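Participant:
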Amino acid sequence: MRNSFDWTPYRRSTVGFDRLFDFLETSGSGAENYPPFDIEKIADDHFRITVAVAGFKGDEIDITAQQNMLLVSGRKTPAGEGEGRQLLYSGIATRAFERRFQLADFVRVSAADLADGLLTIDLVREVPEAMKPHKIAIGGGAPTPIEKAA
6 MRNSFDWTPY RRSTVGFDRL FDFLETSGSG AENYPPFDIE KIADDHFRIT VAVAGFKGDE
66 IDITAQQNML LVSGRKTPAG EGEGRQLLYS GIATRAFERR FQLADFVRVS AADLADGLLT
126 IDLVREVPEA MKPHKIAIGG GAPTPIEKAA
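Our numbering puts the first residue of the sequence shown at 6, with every later residue one more than the last.
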C-alpha cells in the first residue's frame with residue numbers, strides 16, 4: 006500500500022531532513038521482504054545485521070559499503086547446474102535478492118560472516134575525535150573531552 010500523505014509543505018520548511026522524508030515516502034510501499042533480516046544492538050556503538058540466506062554460498066553474496074549505505078545482494082546459479090544432479094522438486098528459495106540498509110554517519114562495517122544459512126554483518130560507529138563534544142573552559146583553557154556518564 007502506497008503512502009498517500011503529501012510531505013511537500015514540510016519539505017519546504019525544514020533543512021537537512023531530506024533523507025527522513027524520502028524514507029517516510031517509501032516505507033510501506035510494498036517493498037520486497039526477501040530475504041528476512043534482524044538488526045540488533047550489541048553495545049552502544051556496535052550493531053549486527055543478520056540476514057537469512059539459506060542455500061547461498063559465500064561467493065554468491067556480495068556486500069558493498071558506500072557512504073551511508075550498505076548493499077547486500079545475492080545471485081544463485083540455477084539449481085543443479087554444473088553439479089551433475091537432477092532436482093525433482095526445488096523448494097529452497099534461490100531467487101536473486103538485493104537489500105539496502107541506510108547507515109548513520111560514521112558507521113562502518115567491521116566484519117561479515119556466513120554460517121548455517123545466516124549472514125552476519127557487524128557494524129561499528131566510530132565518531133572522529135573532532136566531532137565529539139568538548140567542554141570549553143571559561144577563561145581561555147584548552148577544550149577537554151566530555152566524559153560519558155556510566
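Yeah, the Cβ is synthetic: ideal placement off N, Cα and C, and Gly gets one too. Here the structure is a predicted model, which means the values were calculated and not measured.
For ARG113, tell me which candidate among ARG80, LYS62, LEU76 has the shortest Cα-Cα distance.
Facilitator: Ranking the options by Cα distance to ARG113, first place goes to LEU76.
Participant: With a threshold of 16 other CB atoms inside 10 Å of the CB of LEU128, please say whether the residue is buried or exposed.
Facilitator: LEU128 should be labelled buried.
Participant: Is ASP64 helix, strand or coil by DSSP?
Facilitator: Helix at ASP64.
Participant: Applying the criterion that 16 or more other CB atoms from any shown protein chain within 10 Å of the CB defines a buried residue, is PHE52 buried or exposed?
Facilitator: Buried, by the Cβ-count rule.
Participant: On the CB-based measure, 16 or more other CB atoms within 10 Å of its CB, does ALA36 come out buried or exposed?
Facilitator: With a pLDDT of 48 at ALA36, under the threshold of 50, the predicted position of this residue should be treated as unreliable, though the coordinate-derived value follows. Exposed, since its Cβ has fewer than 16 Cβ neighbours within 10 Å.
Participant: Could you check how far apart the C-beta atoms of THR158 and THR55 are, in whole angstroms? I think they sit under 8 Å.
Facilitator: Since the first residue of the chain shown is 6 and the last is 155, residue 158 is not available in this structure.
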